[in-house]
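Student: Numbering follows numbering that gives the first Met the number 0, with no gaps: position 172 of the sequence shown is 171.
C-beta atoms are modelled at their ideal positions from N, C-alpha and C, and glycine is treated no differently.
Have a look at this one.
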Amino acid sequence: MPIDPYILLLLGTVGLAALFPARGTASDVASGASTAAIAFLFFLYGARLSTREAMDGLKHWRLHVTVLACTFVVFPLLGLAARGLVPVLLTDPLYQGLLFLTLVPSTIQSSIAFTSMARGNVPAAICAGSFSSLVGIVITPLLAAAVLGGSGGGFSADSVVKIVLQLLVPFVAGQLLRRWIGGFVTRHKKVLGLVDRGSILLVVYTAFSAGMVQGIWHQVSAIRLGGLLAVEAVLLAVMLLLTWYGAKALRFDREDRIAIQFAGSKKSLAAGLPMASVLFGAHASLAVLPLMLFHQMQLMVCAVIAKRRARDAEAREAEGAAPGPVTASVPAAESRTAVGTGTRSG
């Protein structure tokens with residue numbers, strides 16, 4: 000399974016920060032540019048996200064409530080349960096990053112892509128991803144205040160002010176201006192997509208530079224990274240099983256179960272990295288590491304699952320299209336009448 004090229008860029012940015020971290024005046028410039036980039040990112044999110052489409056999809060409210068419950072209830076509860084792994088498998092900073100990962104909203108693009116590949120309910124995946132992102136702008140900081148604040152995460156009133164100014168205000172501004180700039184954003188989505196990704200790379204460089212200057216990375220060993228990967232693999236496996244069999248227990252059909260599984264088990268790197276930079280400040284480098292690793296893991300695993308679901312769908316279609324046995328002794332006219340009035344299978 001190939002590695003996501005963007006993950007390679009992120010890793011290259013981390014390497015650049017390790018070799019040439021921003022210091023002094025360069026650090027101040029990078030920090031200011033990162034702050035502006037985060038605000039611009041969330042302005043674009045607001046300009047892109049169609050609130051009407053997200054709200055129109057609420058007619059399928061059971062599916063959306065299920066996805067939101069997986070994203071903002073089940074995931075955080077599993078994150079809190081992982082507290083017992085400190086200090087056996089995880090250091091406290093890595094656990095804070097893992098806990099933050101469980102609070103991040105779902106993705107839009109990969110949820111849609113995998114749902115489509117697996118022959119699932121694509122419109123539901125679009126609405127579920129959009130609605131999760133919309134809700135996450137508010138819910139993720141609130142959950143961070145409640146969970147990280149009570150877990151030694153250093154969450155403060157200053158963080159709330161930063162969230163409002165850097166995330167909520169630009170997002171609301173984008174939503175308000177969407178009526179006038181939405182067409183421009185749609186027509187130039189490729190160029191603006193590059194701006195998105197470049198902004199995130201700047202955020203990562205700034206965060207990891209601060210970590211290098213402060214010596215935070217000396218706290219992480221290969222054994223701890225291995226422990227983190229193992230914990231994340233279990234977390235992803237549990238969520239994939241819960242979303243699939245939980246949706247089945249709730250009597251969703253196969254297409255809806257696919258949408259729930261892929262939207263309910265994902266975490267957004269694009270939304271999570273800027274949020275972590277705001278919430279964790281100079282300690283963001285370790286906080287975003289679990290999210291970066293989980294992002295690549297979820298892409299690799301879900302690609303395999305989506306292909307398997309697609310093969311299952313093709314096999315069922317082939318079975319449904321297969322002709323039934325023909326009895327030679329039945330006259331042709333009688334056979335045609337039977338075909339015209341018979342009951343369809345399926």
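Quick one, which of A248, R307, K188 and A143 has its alpha-carbon nearest L76's?
Tutor: Stepping through the sequence shown from its first residue, residue 76 is reached at position 77. Minimum Cα distance to L76 is reached at A143.
Student: P169 lies in the alpha helix (DSSP H); which residues open and close that run?
Tutor: Along the sequence shown, read from residue 1 onward, the residue named residue 169 stands at position 170. Where P169 is concerned, the enclosing alpha helix (DSSP H) stretches over V168 to R186.
Student: Please name the residue in L97, A305 and R310 whose C-alpha comes closest to that of M116.
Tutor: For the purposes of this step, residue 116 is taken as the residue at position 117 of the sequence shown. The candidate whose alpha carbon is nearest that of M116 is A305.
Student: Which value, in whole angstroms, describes the spacing of the CA atoms of T90 and L98?
Tutor: Counting from 1 along the sequence shown, the entry for residue 90 is found at position 91. Counting from 1 along the sequence shown, the entry for residue 98 is found at position 99. C-alpha separation (whole angstroms): 12 Å.
Student: Is the stretch 8 to 26 touching the stretch 194 to 211 in the sense that three or more CB pairs, one from each, lie closer than 8 Å?
Tutor: Output reads yes: the stretch 8 to 26 touches the stretch 194 to 211.
Student: Does the distance from the CB of N120 to the CB of I222 come in under 8 Å?
Tutor: Your numbering for residue 120 matches position 121 in the sequence shown. Your numbering for residue 222 matches position 223 in the sequence shown. Not a contact, by the Cβ cut-off of 8 Å.
Student: For L227, which residues in the same chain have their Cβ closer than 8 Å to its Cβ, ignoring the five residues on either side in sequence?
Tutor: For the purposes of this step, residue 227 is taken as the residue at position 228 of the sequence shown. So the list reads L88, L89, L93, L97, L288, P289 and L292, once near-sequence residues are dropped.
Student: Measuring CA to CA, which of A270, G197 and L285 is closest to G214?
Tutor: On the sequence shown, residue 214 is found 215 positions in, with the first residue counted as 1. Per the Cα distances, L285.
Student: Using the beta-carbon count (16 or more within 10 Å), is V72 buried or exposed?
Tutor: Along the sequence shown, read from residue 1 onward, the residue named residue 72 stands at position 73. Exposed, because fewer than 16 other Cβ atoms sit within 10 Å of the Cβ of V72.
Student: What would DSSP say about R253, mapped onto helix, strand or coil?
Tutor: The residue labelled residue 253 in the question sits at position 254 within the sequence shown. Helix at R253.
Student: Round the Cβ separation of A21 and S208 to the nearest angstrom and send it over; I've been treating them as touching at under 8 Å.
Tutor: Within the sequence shown, numbered from 1, the residue matching residue 21 stands at position 22. Within the sequence shown, numbered from 1, the residue matching residue 208 stands at position 209. The pair is a contact, with the Cβ atoms about 4 Å apart (cut-off 8 Å).
Student: Quick one: using the 10 Å Cβ neighbour count with 16 as the cut-off for buried, is R250 buried or exposed?
Tutor: Here residue 250 is taken as the residue at index 251 of the sequence shown, counted from 1. With fewer than 16 Cβ atoms within 10 Å of its Cβ, R250 is classed as exposed.
Student: Taking C-beta to C-beta, are L298 and S49 nearer than 8 Å?
Tutor: Position 299 of the sequence shown, counting from 1, holds the residue named residue 298. Position 50 of the sequence shown, counting from 1, holds the residue named residue 49. No, they are not a contact pair.
Student: Between F261, E254 and V146, which lies nearest to A312 when the distance is taken from Cα to Cα?
Tutor: Counting from one through the sequence shown, the residue named residue 312 turns up at place 313. Taking only the C-alpha atoms, the option nearest A312 is E254.
Student: Please report how far the alpha carbon of V163 lies from the alpha carbon of P169, in whole angstroms.
Tutor: As a first step, residue 163 is located in the sequence shown; it is residue number 164 there, counting from the start. As a first step, residue 169 is located in the sequence shown; it is residue number 170 there, counting from the start. Taking the straight line joining both Cα atoms gives about 9 Å.
Student: Identify the continuous alpha helix (DSSP H) that holds G11 and give its terminal residues.
Tutor: Within the sequence shown, the letter at position 12 stands for residue 11. Here the alpha helix (DSSP H) through G11 covers P4 to L18.
Student: Using 10 angstroms around the beta-carbon of G271, count the other beta-carbons present and answer buried if the total reaches 16, otherwise exposed.
Tutor: Position 272 of the sequence shown holds residue 271. Per the 10 Å Cβ criterion, buried.
Student: Can you give the Cα-Cα distance for V194 and H187, rounded to whole angstroms?
Tutor: Along the sequence shown, one-based indexing puts residue 194 at 195. Along the sequence shown, one-based indexing puts residue 187 at 188. Between V194 and H187, the C-alpha separation is close to 11 Å.
Student: Sort A275, R315 and A246 by Cα distance to R61 and report the nearest one.
Tutor: Here residue 61 is taken as the residue at index 62 of the sequence shown, counted from 1. It is A246.
Student: Any heavy atom of the ligand ATP closer than 7 Å to the CB of A80?
Tutor: The ligand ATP is not among the ligands present in this structure, which contains no ligands whatsoever.
Student: Taking the runs of the alpha helix (DSSP H) that are 4 residues or longer, which of them lie wholly in the stretch 114 to 146?
Tutor: Here the runs fully enclosed are 121 to 146.
Student: Would you check if the distance between the CB atom of F130 and the CB atom of T101 is smaller than 8 Å?
Tutor: Taking the first residue of the sequence shown as position 1, residue 130 is located at position 131. Taking the first residue of the sequence shown as position 1, residue 101 is located at position 102. Cβ atoms of F130 and T101: not closer than 8 Å.
Student: Apart from the five residues just before and just after I136, which ones in its own chain have a Cβ nearer than 7 Å to its Cβ?
Tutor: To locate residue 136, count along the sequence shown from 1; it is residue 137. Excluding positions up to five away in sequence, the list reads L166, L167 and F170.
Student: Less than 8 Å between the CB atoms is what I'm expecting for I107 and S132, so what's the real figure, rounded?
Tutor: Locating residue 107 in the sequence shown gives position 108, counting from the first residue. Locating residue 132 in the sequence shown gives position 133, counting from the first residue. Indeed they touch by this definition, with Cβ atoms about 6 Å apart.
Student: Go through its chain and collect everything with a Cβ distance to V230's Cβ below 7 Å, but skip five positions before and after it.
Tutor: By one-based count along the sequence shown, residue 230 stands at place 231. Counting only Cβ-Cβ distances below 7 Å, and skipping sequence neighbours, we find A81, L84, L88, L89 and L97.
Student: Does the distance from the CB of R118 to the CB of A309 come in under 8 Å?
Tutor: What you label residue 118 is simply residue 119 of the sequence shown in a count that begins at 1. What you label residue 309 is simply residue 310 of the sequence shown in a count that begins at 1. Cβ distance < 8 Å, so R118 and A309 count as in contact.
Student: Out of Q260, L79 and G280, which one is the CA nearest neighbour of A236?
Tutor: By one-based count along the sequence shown, residue 236 stands at place 237. Ranking the options by Cα distance to A236, first place goes to Q260.
Student: Helix, strand or coil: how does DSSP classify Q213 here?
Tutor: The residue labelled residue 213 in the question sits at position 214 within the sequence shown. In the structure shown, Q213 sits in coil (DSSP, three-state: anything other than H, G, I, E or B).
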